[in-house]
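*Asks:*
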Amino acid sequence: MDFDQMLEAWKAQDDKPLYGVNADLLRLVLRSERDKIRRTLRRDQWITYVVGPAMAAFAAFWLWVTILNRGPALQQVAAAIGAGTFVLWVAVFWVSHRRLALRERGFGNSLKDEVRRNLSLVEYQISNGRWAAAVLWSAPVMIGALLIYWLAFQINTDTSFSWWHHAWIVFAIVWSVAWTAYAGDRQVRRTLQPRRERLRALLDTLNMAA
Amino acid sequence: MTETERDRIFGEWLEAHKAILFKVSRAYGAAHSDSEDLFQEIALQLWHSVDAFRGDAAVTTWIYRVALNTALAWNRKERKHGAGRQDFEAATALLVTPADRDPRLEWIYQRIAELDEVNRSLALLMLDGFSYREMSQILGLGESHVGVKINRIKAALSAQLAKEEHDGL
Numbered sequence: 208m209d210f211d212q213m214l215e216a217w218k219a220q221d222d223k224p225l226y227g228v229n230a231d232l233l234r235l236v237l238r239s240e241r242d243k244i245r246r247t248l249r250r251d252q253w254i255t256y257v258v259g260p261a262m263a264a265f266a267a268f269w270l271w272v273t274i275l276n277r278g279p280a281l282q283q284v285a286a287a288i289g290a291g292t293f294v295l296w297v298a299v300f301w302v303s304h305r306r307l308a309l310r311e312r313g314f315g316n317s318l319k320d321e322v323r324r325n326l327s328l329v330e331y332q333i334s335n336g337r338w339a340a341a342v343l344w345s346a347p348v349m350i351g352a353l354l355i356y357w358l359a360f361q362i363n364t365d366t367s368f369s370w371w372h373h374a375w376i377v378f379a380i381v382w383s384v385a386w387t388a389y390a391g392d393r394q395v396r397r398t399l400q401p402r403r404e405r406l407r408a409l410l411d412t413l414n415m416a417a
Numbered sequence: 025m026t027e028t029e030r031d032r033i034f035g036e037w038l039e040a041h042k043a044i045l046f047k048v049s050r051a052y053g054a055a056h057s058d059s060e061d062l063f064q065e066i067a068l069q070l071w072h073s074v075d076a077f078r079g080d081a082a083v084t085t086w087i088y089r090v091a092l093n094t095a096l097a098w099n100r101k102e103r104k105h106g107a108g109r110q111d112f113e114a115a116t117a118l119l120v121t122p123a124d125r126d127p128r129l130e131w132i133y134q135r136i137a138e139l140d141e142v143n144r145s146l147a148l149l150m151l152d153g154f155s156y157r158e159m160s161q162i163l164g165l166g167e168s169h170v171g172v173k174i175n176r177i178k179a180a181l182s183a184q185l186a187k188e189e190h191d192g193l
């Protein structure tokens, strides 16, 4: 072999690469997508495990204060609901995460199983989004009860009460809850549902090819 | 750039230039399984790099730059963490090597594997017909320095070829 033949052999390999590209490419894209979803889930997990207990502790503290000060029954009920909801949120998240991990163990290494694994993660994200939205909508009940208590306290003790000031606070709370719920719903509709459909279509194609 | 747009560009690049990824991953992956891992790593980095591509250089130049940088970083990481498993992987690689490989190509990859990191990159670029200027842009070396190194690589390869021709191999 001379130098020119060496170059010829080098160029010829472009027509016959080392591995089957499509399956590899598909696996690569699936793995990359899975890594991305797992990063998001890890972030959500940390937020839930930090914010959930903190909010539950705050609600429990509020319940303790209202009981201690012999506050109205409405506030006591709201505080109890608040604490319970946040504890439930963390518990449901933990259980669902465990179930996801168990489900993942059932998947093998075949291409179809790789797709199924991704599909399972996306479905988990969608159900988590719905659950988080449901929890989020319980927030106005608790916040409303807290505000009633706060307003009553202010009116009874402070003559320089500002309605505008409190109206802004109420507006900010309602807007942030509504916006968070809307953003979550939009992500499900725009990103997660199309991704789920794409994975389902891919699985159907693989099933037909088998 | 939207995610769909990035996926589309990445798909087009991979379809048109996958051979570059194969060559770099084979040149830098010691065993077959290493090559596959490196191929995936390069493809992943290429996917991440789509946003940063501004069209200042040719797409092939960009892909080579990303692929070689990834391979160099990967090699350094492997040297640090992969000691002790190379032999095992080399042994298992023999079981999955396709039988219809061109022996001339095997020879070229063996010679490339014997070079140091920079010369390995230069050899790949030389074989793929890049100019000295393009090579210097991709690797961040001076053009004259590239010229000197390429001449040495060519001379070494030619000498090796002549020796093996003489020995009847």
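Those protein sequences? They're chains A and B, same order as listed. The numbering used here applies: residue 208 is where the first sequence begins, and numbers increase by one. The numbering used here applies: residue 25 is where the second sequence begins, and numbers increase by one. The beta-carbon is built from N, C-alpha and C at its ideal position, and this holds for glycine as well. Source: prediction; values computed, not measured.
Whose Cβ in chain A lies nearer than 8 angstroms to the Cβ of Arg128 (chain B)?
*Replies:* For the purposes of this step, residue 128 (chain B) is identified with residue 104 of the second sequence, where counting begins at 1. Within chain A, the residues near Arg128 (chain B) are Met208, Gln212, Met213 and Ala216.
*Asks:* What is the rounded straight-line gap between the Cα of Gln212 (chain A) and the Cα of Gln134 (chain B)?
*Replies:* The sequence position of residue 212 (chain A) within the first sequence is 5, counting from 1. The sequence position of residue 134 (chain B) within the second sequence is 110, counting from 1. Cα to Cα, Gln212 (chain A) sits roughly 16 angstroms from Gln134 (chain B).
*Asks:* Could you list which residues in chain A have their beta carbon closer than 8 angstroms to that of Trp37 (chain B), in chain order?
*Replies:* Indexing the second sequence from 1 puts residue 37 (chain B) at position 13. Within 8 angstroms Cβ-Cβ: nothing; Trp37 (chain B) doesn't reach chain A, min ~12 angstroms.
*Asks:* Can you tell me which of the three DSSP states Ala43 (chain B) falls into?
*Replies:* Mapped onto the second sequence, residue 43 (chain B) falls at position 19. Looking at Ala43 (chain B) - three-state DSSP - the assignment turns out to be helix.
*Asks:* Please tell me whether Ala95 (chain B) and Ser145 (chain B) are closer than 9 angstroms, where the distance is taken between their beta carbons.
*Replies:* In the second sequence, residue 95 (chain B) corresponds to position 71, counting from 1. In the second sequence, residue 145 (chain B) corresponds to position 121, counting from 1. In this structure, Ser145 (chain B) lies closer than 9 angstroms to Ala95 (chain B) by Cβ.
*Asks:* Under the assumption that Leu170 (chain A) contacts Leu318 (chain A) (Cβ atoms under 8 angstroms), give the Cβ distance between them as a whole number of angstroms.
*Replies:* One cannot answer for residue 170 (chain A) here, as it falls past the ends of chain A, which runs 208 to 417.
*Asks:* Using CA coordinates, which residue listed in A:Pro279, A:Leu406, A:Gln220 and A:Gln252 is at the minimum distance from Arg324 (chain A)?
*Replies:* Looking up residue 324 (chain A) in the first sequence gives position 117. The option with the nearest alpha carbon to Arg324 (chain A) is A:Leu406.
*Asks:* Return no unless some Cβ of chain E is closer than 9 angstroms to the Cβ of Asp152 (chain B).
*Replies:* Considering every chain present, this structure includes no chain E. Its protein chains are A and B.
*Asks:* Is Asp80 (chain B) helix, strand or coil when you go by DSSP?
*Replies:* Walking along the second sequence from the start, residue 80 (chain B) turns up at place 56. The answer is coil: DSSP assigns Asp80 (chain B) none of H, G, I, E or B.
*Asks:* Whole angstroms are fine: how far does the CA of Trp253 (chain A) sit from the CA of Gly227 (chain A)?
*Replies:* By one-based count along the first sequence, residue 227 (chain A) stands at place 20. By one-based count along the first sequence, residue 253 (chain A) stands at place 46. Residue placement at Gly227 (chain A) is flagged as unreliable, the pLDDT there being 39, under the threshold of 50; a coordinate-derived value is accordingly withheld.
*Asks:* Give the residues from the region 235 to 265 of chain A that approach chain B closer than 9 angstroms (Cβ to any Cβ), ordered along the chain.
*Replies:* So the close ones are Leu235, Val236, Arg238, Ser239 and Asp242.
*Asks:* Given Ser334 (chain A), which residues of its chain have a CB within under 8 angstroms of its CB, disregarding the five upstream and five downstream residues?
*Replies:* As a position in the first sequence, residue 334 (chain A) is number 127, starting the count at 1. The residues are Ser303.
*Asks:* For Phe378 (chain A), count neighbouring C-beta atoms within 10 Å of its own C-beta (all shown protein chains included) and say buried if the count is 16 or more, exposed if not.
*Replies:* Looking up residue 378 (chain A) in the first sequence gives position 171. Label assigned to Phe378 (chain A): exposed.
*Asks:* How should Leu119 (chain B) be labelled, buried or exposed, when 16 other C-beta atoms within 10 angstroms of its C-beta is the threshold for buried?
*Replies:* Here residue 119 (chain B) corresponds to residue number 95 of the second sequence, with the count starting at 1. Its pLDDT being 30, under 50, Leu119 (chain B) is placed unreliably in this model, and the value from its coordinates should be taken loosely. Exposed is the call here.
*Asks:* Quick check: the region 34 to 50 of chain B against the region 380 to 400 of chain A, are there 3 or more CB pairs under 8 angstroms?
*Replies:* No: fewer than three Cβ pairs fall under 8 angstroms.
*Asks:* Go through its chain and collect everything with a Cβ distance to Arg238 (chain A)'s Cβ below 8 angstroms, but skip five positions before and after it.
*Replies:* On the first sequence, residue 238 (chain A) is found 31 positions in, with the first residue counted as 1. Closer than 8 angstroms at Cβ, skipping near neighbours: Glu321.
*Asks:* Using a Cβ-Cβ distance cut-off of 9 angstroms, determine whether Gln64 (chain B) contacts chain A.
*Replies:* Numbered from its first residue, the second sequence carries residue 64 (chain B) at position 40. Cβ-Cβ to chain A under 9 angstroms: yes for Gln64 (chain B).
*Asks:* Among B:Thr26, B:Glu60, B:Ile66 and B:Leu181, which has the Cα closest to the Cα of Arg128 (chain B)?
*Replies:* Numbered from 1 along the second sequence, position 104 holds the residue referred to as residue 128 (chain B). Looking at the Cα atoms, B:Leu181 is the closest of the given residues.
*Asks:* Taking the alpha carbon of Trp296 (chain A) as the point to measure from, which residue in A:Gln282, A:Glu311, A:Phe314 and A:Arg337 has its own alpha carbon closest?
*Replies:* Residue 296 (chain A) sits at position 89 when you count from the first residue of the first sequence. Taking only the C-alpha atoms, the option nearest Trp296 (chain A) is A:Arg337.
*Asks:* Ordered along the chain, which non-local residues of its own chain (more than five positions away) have a Cβ less than 6 angstroms from that of Thr116 (chain B)?
*Replies:* If you number the second sequence from 1, residue 116 (chain B) lands on position 92. Confidence at Thr116 (chain B) is low in this model, with a pLDDT of 32, below 50, so the placement of that residue is unreliable and no value is reported for it.
*Asks:* Can we say the region 280 to 293 of chain A touches the region 252 to 269 of chain A, given the rule of at least three CB pairs closer than 8 angstroms?
*Replies:* These segments touch.
*Asks:* Nearest chain A C-beta to Phe46 (chain B) closer than 9 angstroms, yes or no?
*Replies:* Counting from one through the second sequence, the residue named residue 46 (chain B) turns up at place 22. Chain A, which has a Cβ nearer than 9 angstroms to the Cβ of Phe46 (chain B), makes this yes.
*Asks:* Using 9 angstroms as the threshold, is the C-beta distance between Leu92 (chain B) and Ile162 (chain B) below it?
*Replies:* As a working note, residue 92 (chain B) is residue 68 in the second sequence. As a working note, residue 162 (chain B) is residue 138 in the second sequence. For Leu92 (chain B) and Ile162 (chain B), yes; Cβs fall inside 9 angstroms.
*Asks:* Quick check: Arg33 (chain B) and Ala216 (chain A), are their CB atoms within less than 9 angstroms of each other?
*Replies:* Taking the first residue of the second sequence as position 1, residue 33 (chain B) is located at position 9. Taking the first residue of the first sequence as position 1, residue 216 (chain A) is located at position 9. First, the residue type needs correcting, since residue 33 (chain B) is Ile and not Arg in the sequence shown. Going by C-beta atoms, Ile33 (chain B) is not nearer than 9 angstroms to Ala216 (chain A).
*Asks:* Does the beta carbon of Lys173 (chain B) sit closer than 9 angstroms to a beta carbon anywhere in chain A?
*Replies:* Here residue 173 (chain B) refers to the residue found at position 149 of the second sequence. No, Lys173 (chain B) does not count as interfacial toward chain A.
*Asks:* Check whether the Cβ atoms of Trp71 (chain B) and Phe77 (chain B) sit closer than 9 angstroms, and answer yes or no.
*Replies:* Within the second sequence, residue 71 (chain B) is the residue found at index 47, counting from 1. Within the second sequence, residue 77 (chain B) is the residue found at index 53, counting from 1. It is not a contact, given that the beta carbons lie outside the stated cut-off.
*Asks:* Please classify Phe300 (chain A) as buried or exposed, where buried requires at least 16 neighbouring CB atoms within 10 angstroms.
*Replies:* Position 93 of the first sequence, counted from the first residue, corresponds to residue 300 (chain A). Flag for Phe300 (chain A) reads buried.
*Asks:* Are the CB atoms of Ala51 (chain B) and Ala137 (chain B) nearer to each other than 9 angstroms?
*Replies:* As a first step, residue 51 (chain B) must be located in the second sequence, where it is residue number 27. As a first step, residue 137 (chain B) must be located in the second sequence, where it is residue number 113. Cβ distance < 9 angstroms, so Ala51 (chain B) and Ala137 (chain B) count as in contact.
*Asks:* If you follow the alpha helix (DSSP H) that Ser317 (chain A) is in, where does it begin and where does it stop?
*Replies:* Within the first sequence, the letter at position 110 stands for residue 317 (chain A). Ser317 (chain A) -> no alpha helix (DSSP H), and no H or E assigned at all.
*Asks:* What is the C-beta distance between Asp244 (chain A) and Val381 (chain A), in whole angstroms, given that I count them as a contact (C-beta under 8 angstroms)?
*Replies:* Here residue 244 (chain A) is taken as the residue at index 37 of the first sequence, counted from 1. Here residue 381 (chain A) is taken as the residue at index 174 of the first sequence, counted from 1. Before going further, note that residue 244 (chain A) is Ile rather than Asp in the sequence given. 31 angstroms between Cβ atoms; not a contact.
*Asks:* Determine the direct distance from the alpha carbon of Gly291 (chain A) to that of Gly259 (chain A), and round the result to whole angstroms.
*Replies:* Mapped onto the first sequence, residue 259 (chain A) falls at position 52. Mapped onto the first sequence, residue 291 (chain A) falls at position 84. About 11 angstroms.
*Asks:* According to DSSP, is Pro401 (chain A) part of a helix, a strand, or is it coil?
*Replies:* The residue labelled residue 401 (chain A) in the question sits at position 194 within the first sequence. Of the three classes helix, strand and coil, the one that applies to Pro401 (chain A) here is helix, per DSSP.
*Asks:* Taking the alpha carbon of Phe84 (chain B) as the point to measure from, which residue in B:Ala97, B:His169 and B:Glu36 has its own alpha carbon closest?
*Replies:* Locating residue 84 (chain B) in the second sequence gives position 60, counting from the first residue. Note that residue 84 (chain B) is Thr in the sequence shown, not Phe. Nearest option by C-alpha distance: B:Glu36.
*Asks:* What's the C-alpha gap between Lys173 (chain B) and Leu148 (chain B)?
*Replies:* Translated into positions along the second sequence, residue 173 (chain B) becomes position 149. Translated into positions along the second sequence, residue 148 (chain B) becomes position 124. Using only the alpha carbons, I get a separation of about 13 angstroms.
*Asks:* For Asp7 (chain B), does the three-state DSSP call read helix, strand or coil?
*Replies:* Nothing can be reported for residue 7 (chain B), as the shown portion of chain B is limited to 25 through 193.
*Asks:* Taking the C-alpha atoms as reference points, what is the distance between Ser383 (chain A) and Tyr389 (chain A)?
*Replies:* To locate residue 383 (chain A), count along the first sequence from 1; it is residue 176. To locate residue 389 (chain A), count along the first sequence from 1; it is residue 182. If you take the alpha carbons of Ser383 (chain A) and Tyr389 (chain A), they lie about 10 angstroms apart.
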